[in-house]
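Enquirer:
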Amino acid sequence: MATSNCPLCEAHCGLEVEVAGGRVIAVSGGKADPDTQGFICPKGRALLELQNSSERLRAPLRRNASGGFDPIGWDEALEEIASRLVGIREESGAEAVAVHVGRAGVDSHFIGYAQLFTYLFGSPNFAHAGSYCYMSKVMANTITYGGYPAPDLSRAGCIVIWGHNPSASCPALTLTL
Numbered sequence: 002m003a004t005s006n007c008p009l010c011e012a013h014c015g016l017e018v019e020v021a022g023g024r025v026i027a028v029s030g031g032k033a034d035p036d037t038q039g040f041i042c043p044k045g046r047a048l049l050e051l052q053n054s055s056e057r058l059r060a061p062l063r064r065n066a067s068g069g070f071d072p073i074g075w076d077e078a079l080e081e082i083a084s085r086l087v088g089i090r091e092e093s094g095a096e097a098v099a100v101h102v103g104r105a106g107v108d109s110h111f112i113g114y115a116q117l118f119t120y121l122f123g124s125p126n127f128a129h130a131g132s133y134c135y136m137s138k139v140m141a142n143t144i145t146y147g148g149y150p151a152p153d154l155s156r157a158g159c160i161v162i163w164g165h166n167p168s169a170s171c172p173a174l175t176l177t178l
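Numbering-wise, the working numbering comes out as the position in the sequence shown, counting from 1, plus 1.
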């Protein structure tokens with residue numbers, strides 16, 4: 002049994018992963034995880050199904066003339082992407098390319114690679130989900146309160162949630178409510 006964390010949202014629920022013959026055969030909530038205590042949401046429970054889905058992309062695809070897609074090799078795909086990026090840089094400058102990392106990538110190693118790529122490409126246009134809301138929230142709290150306080154939801158007398166449905170988007174949070 003291996004332990005891991007679910008990559009599908011910012012809660013990163015703890016997982017227990019059963020592996021046999023180099024393949025994942027079962028995924029369940031990590032009972033030893035202090036935050037999620039064995040809980041995983043429907044997305045986390047679907048990880049094995051997602052991994053083994055017949056609809057999962059297993060090779061790069063290129064759009065064909067009829068609007069469908071044909072599989073191509075990795076070397077060919079990477080060469081075409083590189084060629085197109087170089088063409089954009091030569092024609093319009095490196096600033097014509099922007100890289101954005103969504104919420105799932107912010108808490109993973111991927112964000113570092115994306116930022117390094119953007120820097121080496123020469124573009125100043127790098128952003129991530131935290132650039133727009135999280136960093137300003139931390140900065141405002143630090144200036145106002147001297148730090149970023151973690152709410153003690155389990156002892157709150159009243160909780161008002163605006164524009165967010167944690168039971169759907171971050172179900173592990175509801176464990177403390």
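The C-beta atom is built at its ideal place from N, Cα and C for all residues, glycine as well. These numbers were taken from a predicted model, which means no experiment stands behind them.
Let's see if you can read the secondary structure: which residues bound the alpha helix (DSSP H) around residue 43?
Expert: Along the sequence shown, read from residue 1 onward, the residue named residue 43 stands at position 42. From DSSP, the alpha helix (DSSP H) with residue 43 extends over 43-46.
Enquirer: Can you give me the C-alpha to C-alpha distance between residue 115 and residue 68, rounded to a whole angstrom?
Expert: By one-based count along the sequence shown, residue 115 stands at place 114. By one-based count along the sequence shown, residue 68 stands at place 67. Straight-line Cα distance between these residues: approximately 29 Å.
Enquirer: Quick one: grab the DSSP three-state call for residue 192.
Expert: For residue 192 there is no data in the structure shown, the boundaries of the chain being 2 and 178.
Enquirer: Buried or exposed: where does residue 179 fall if 16 or more other Cβ atoms within 10 Å of its Cβ makes it buried?
Expert: Nothing can be reported for residue 179, as the shown portion of the chain is limited to 2 through 178.
Enquirer: What residues are listed by DSSP as bridge partners for residue 29?
Expert: As a working note, residue 29 is residue 28 in the sequence shown. According to DSSP, residue 29 bridges with 17.
Enquirer: How big is the Cα-Cα spacing for residue 78 and residue 150?
Expert: Sequence index remark: in the sequence shown, residue 78 carries index 77 (1-based). Sequence index remark: in the sequence shown, residue 150 carries index 149 (1-based). Taking the straight line joining both Cα atoms gives about 46 Å.
Enquirer: Measure the beta-carbon distance from residue 49 to residue 25 and round it to whole angstroms, keeping in mind my assumption that it falls under 8 Å.
Expert: As a first step, residue 49 is located in the sequence shown; it is residue number 48 there, counting from the start. As a first step, residue 25 is located in the sequence shown; it is residue number 24 there, counting from the start. Indeed they touch by this definition, with Cβ atoms about 6 Å apart.
Enquirer: Assuming residue 102 and residue 112 form a contact by the criterion Cβ under 8 Å, report the distance between their Cβ atoms to the nearest whole angstrom.
Expert: On the sequence shown, position 101 is the one that residue 102 refers to. On the sequence shown, position 111 is the one that residue 112 refers to. That pair is a contact at about 5 Å.
Enquirer: Could you spell out the range, first to last residue, of the alpha helix (DSSP H) harbouring residue 84?
Expert: As a first step, residue 84 is located in the sequence shown; it is residue number 83 there, counting from the start. Note, residue 84: alpha helix (DSSP H), 75-93.
Enquirer: Going by beta-carbon coordinates alone, are residue 62 and residue 70 separated by less than 7 Å?
Expert: In the sequence shown, counting from the first residue as 1, residue 62 sits at position 61. In the sequence shown, counting from the first residue as 1, residue 70 sits at position 69. Yes, these two residues count as a Cβ contact at 7 Å.
Enquirer: According to DSSP, is residue 65 part of a helix, a strand, or is it coil?
Expert: Start at 1 with the first residue of the sequence shown, and residue 65 comes out as number 64. Residue state, collapsed to three classes: coil.
Enquirer: Is residue 173 helix, strand or coil when you go by DSSP?
Expert: Within the sequence shown, residue 173 is the residue found at index 172, counting from 1. Residue 173 falls in the helix class under three-state DSSP.
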